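Novice: Have a look at this one before I ask anything.
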Amino acid sequence: MNYLRHVGKYFIMLRQVFRKPQKWSVFREMLFREIEDLGLKSLGIIAFISFFVGGVIAIQTALNVDNPFIPKYLIGFATKQSMILEFAPTFMSVILAGKVGSYISSSIGTMRVTEQIDALEVMGINSLNYLVLPKIIATIFFYPLLISLAMFLGIYGGYVAGTLTDLFYSEDYLYGIRLDFDPYYIQYALIKTVVFAFVIATIPAYHGYYVKGGSLEVGRASTQAVVWTSVVIILLNYFLTQMLLG
Amino acid sequence: MIEVTDLYKEFKGVPVLKGVSTTFEKGVTSMIIGQSGSGKTVFLKCLVGLHVPDRGIISFDGRKHTELDIKEHRLLRQEIGMVFQGGALYDSLTVEENIMFPLKMFADQPFSEMLDRVNFVLKRVNLENANKKFPAELSGGMQKRVSIARAIVMNPKYLFCDEPNSGLDPNTATVIDNLIKEITEEYQIITVINSHDMNSVMEIGEKIIFLKDGVKEWEGSNKEIFITENEAVVNFVYSSNLFRKVREAYLKETK
Chain A
61 MNYLRHVGKY FIMLRQVFRK PQKWSVFREM LFREIEDLGL KSLGIIAFIS
111 FFVGGVIAIQ TALNVDNPFI PKYLIGFATK QSMILEFAPT FMSVILAGKV
161 GSYISSSIGT MRVTEQIDAL EVMGINSLNY LVLPKIIATI FFYPLLISLA
211 MFLGIYGGYV AGTLTDLFYS EDYLYGIRLD FDPYYIQYAL IKTVVFAFVI
261 ATIPAYHGYY VKGGSLEVGR ASTQAVVWTS VVIILLNYFL TQMLLG
Chain B
109 MIEVTDLYKE FKGVPVLKGV STTFEKGVTS MIIGQSGSGK TVFLKCLVGL
159 HVPDRGIISF DGRKHTELDI KEHRLLRQEI GMVFQGGALY DSLTVEENIM
209 FPLKMFADQP FSEMLDRVNF VLKRVNLENA NKKFPAELSG GMQKRVSIAR
259 AIVMNPKYLF CDEPNSGLDP NTATVIDNLI KEITEEYQII TVINSHDMNS
309 VMEIGEKIIF LKDGVKEWEG SNKEIFITEN EAVVNFVYSS NLFRKVREAY
359 LKETK
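Protein sequences appear in the order of chains A and B. When we follow our numbering, the leftmost residue of the first sequence carries the number 61, and every step to the right adds one. When we follow our numbering, the leftmost residue of the second sequence carries the number 109, and every step to the right adds one.
This is how it looks when you write it as structure tokens:
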């Protein structure tokens, strides 16, 4: 019953979020700040993880493909498919849920317990619209770029791993990543990314906005936000995959 | 004038305000006092619109809160300035940006005019040259002054202060008290202060409302509070030996 109450409250929150911004110039300023905080500052970790994950996928596949009848170009093919279909959109989103989700819930939660949100409300500002809408727009528009970069770097990481370890020939790998390429897979990955970006911005915002108490509760809300964002991403991933590829 | 009629508010079935009625006048510093849990903060939050009363009417110069739509509520709130207990300054913004924030949201002025206004209110609270500092770099008293500056930057008609002296040393507390009183008289604002600080109450409380268990127990001025026979008020206000002796001396002198 309590879960249902939270779901209802979450959708009521969204109704307040999707209102016309009170001042476009202030909204624009907030949007650029959020693009920097939630997007640009995540570039490094996403690039680092995706590059090495791509490398590991290529090495693991190469080590497990020891049957001479299985062509080596399948290593490139498997790395490409894994990165585009799952690792970049889903697992990078789970990582972002941890990094960005905790930041969103703790920053909004701190504003709540230090009465900064009350100060906004007293001024006549729709605090949910002011605080959350720029985060949603920033993540929805920036994360597809971030995830596209993760796809590219993951595949490139596999290529570098192959050339450094001599486990496969680069020509085989390059042939493999071009083999049976379907642009719809990119579309599928980006659709998932947009949905996950929305989840990453809103669920932590919900946990932060409605926190009550002090710093301990803000910490708890932050943990809960990361857990629930990850759970929702994994569940939605299942349904979206069934809907879009099934 | 703010008129409060039969204000009632409960949380999870527990009544916190039980039909409080009073008025607040222009240019007068009004104070709400009472023990912890007496309903002071809930009363103040109902006045500024952070809590919706379950019953009763709050009328701001004839505008009843129950009859206003969302847009009119927002407009009314732009006429309200509030000083929060902890300052509630935005950590990521400088002093200048904090004070300019309401202007950026609501005033269609060029940046230079907004900056002039910010500098004017900073001067008014004796905080020149602090424009580029962040809240974390300021002392408690300075943060309160920035908070007051932000509250008055839009020329509010109504100023609400929640424990403006909490955590301040006696000297700084007096400076803040005098500042609020001066601003109230100078701009003819309706000021309502929620306070525990008896020094402030005696010093600037032109009108005092004593709440006890969600009920208005007593109402009067800082002169009348000396001579009141109300047991609850006397026990609360004169709980310290010093204040009790001051009261006795005052009563002896006036007899």
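Cβ atoms here follow ideal geometry from the backbone N, Cα and C, with glycine treated the same way. Nothing here was measured: the structure is a model prediction, and the numbers come from that model.
1. If contact means a Cβ-Cβ distance below 9 angstroms, which residues of the segment 181-192 of chain A contact chain B?
2. What's the call for Thr225(A), buried or exposed, on a 16-neighbour Cβ count within 10 Å?
3. Give the secondary structure of Phe108(A) by DSSP, where H, G and I count as helix, E and B as strand, and everything else as coil.
4. Using 10 angstroms around the beta-carbon of Pro218(B), count the other beta-carbons present and answer buried if the total reaches 16, otherwise exposed.
5. Quick one: which chain A residues come within Cβ less than 9 angstroms of Tyr266(B)?
6. Along the chain, which unbroken stretches of the alpha helix (DSSP H) at least 4 residues long are found entirely within the segment 162-245 of chain A?
7. Hey, would you say Val156(B) sits closer than 7 angstroms to Met190(B), going by beta carbons?
8. Alpha carbon to alpha carbon, how far is Tyr266(B) from Ser255(B)? Give it in angstroms, no decimals.
9. Should the segment 108-115 of chain A be regarded as contacting the segment 135-154 of chain A, the criterion being three or more beta carbon pairs within less than 8 angstroms?
10. With H, G and I counted as helix, E and B as strand and the rest as coil, what does DSSP make of Met208(B)?
11. Residues of chain A with CB under 8 angstroms from Lys353(B), in chain order?
12. Name the residue from Ser220(B), Gln251(B), Thr174(B) and Phe268(B) whose alpha carbon lies nearest to the alpha carbon of Asn234(B).
13. Closest to Tyr190(A) by C-alpha separation, out of Met90(A), Tyr270(A) and Leu134(A), would be which residue?
14. Specify, as a first and last residue, the run of the beta strand (DSSP E) that Thr283(A) falls within.
15. Contact between the segment 162-176 of chain B and the segment 136-153 of chain B is defined here as three or more beta-carbon pairs at a separation below 8 angstroms; is this criterion met?
16. Going by DSSP, what residue range makes up the alpha helix (DSSP H) through Ile135(A)?
17. Counting along the chain, where does the alpha helix (DSSP H) carrying Lys179(B) start and finish?
18. Evaluate the contact criterion for the segment 251-260 of chain A versus the segment 194-205 of chain A: three or more CB pairs, one atom per stretch, below 8 angstroms.
19. Using Cβ-Cβ distances below 9 angstroms, what residues of the segment 202-215 of chain B are close to chain A?
20. Do you know offhand how far Arg79(A)'s Cα is from Asn307(B)'s?
21. What does Ile298(B) pair with, by DSSP beta-bridge criteria?
22. Which residues bound the beta strand (DSSP E) around Met139(B)?
23. Nearest chain B C-beta to Lys83(A) closer than 7 angstroms, yes or no?
24. What residue range does the beta strand (DSSP E) around Arg75(A) cover?
25. Do we get a CB-CB distance below 7 angstroms when we pair Ile188(B) with the residues of chain A?
26. Are the CB atoms of Val77(A) and Leu180(A) nearer to each other than 7 angstroms?
27. What in chain B is Cβ-close to Glu96(A), meaning under 9 angstroms?
28. DSSP state of Thr131(B), grouped into three classes?
29. Does any CB atom of chain A fall closer than 7 angstroms to the CB of Val350(B)?
30. Consult DSSP for Val86(A) and reduce its assignment to one of helix, strand or coil.
31. Give me, in chain order, the residues of the same chain whose beta-carbon lies closer than 8 angstroms to that of Phe192(B); leave out the 5 immediate sequence neighbours on both sides.
32. Closest by CA to Ala366(B), which one among Ser167(B), Ser138(B), Tyr198(B) and Leu230(B)?
Specialist: Result, derived from the coordinates:
1. Glu181, Val182, Met183, Gly184, Ile185, Asn186 and Tyr190
2. exposed
3. helix
4. exposed
5. None at all; the shortest Cβ gap to chain A is about 10 angstroms.
6. 176-182, 187-225 and 230-238
7. yes
8. 15 angstroms
9. yes
10. Helix.
11. In chain A, no part has a C-beta under 8 angstroms from the C-beta of Lys353(B); the shortest such distance is about 37 angstroms.
12. Gln251(B)
13. Met90(A)
14. Judged by DSSP secondary structure, Thr283(A) falls outside any beta strand (DSSP E) and instead within the alpha helix (DSSP H) spanning Ser275 to Leu305.
15. no
16. Tyr133 to Ser142
17. Ile178 to Arg185
18. yes
19. Phe209, Pro210, Lys212, Met213 and Phe214
20. A direct Cα-Cα distance of roughly 46 angstroms separates Arg79(A) from Asn307(B).
21. Tyr266(B)
22. Note, Met139(B): beta strand (DSSP E), Thr137 to Gly142.
23. yes
24. Where Arg75(A) is concerned, there is no enclosing beta strand (DSSP E), although the alpha helix (DSSP H) it sits in stretches over Asn62 to Val77.
25. So, interface residue.
26. No, Cβ-Cβ distance for Val77(A) and Leu180(A) is not below 7 angstroms.
27. Result: empty, since nearest Cβ-Cβ is about 12 angstroms, beyond 9 angstroms.
28. strand
29. First, the amino acid is wrong: residue 350(B) is Leu here, not Val. Output row for Leu350(B): interface = no.
30. helix
31. Listed in chain order, the non-local C-beta contacts of Phe192(B) below 8 angstroms within the same chain comprise Ser255 and Asp270, local neighbours out to five positions each way being set aside.
32. It is not possible to answer for residue 366(B), since the shown part of chain B is limited to 109 through 363.
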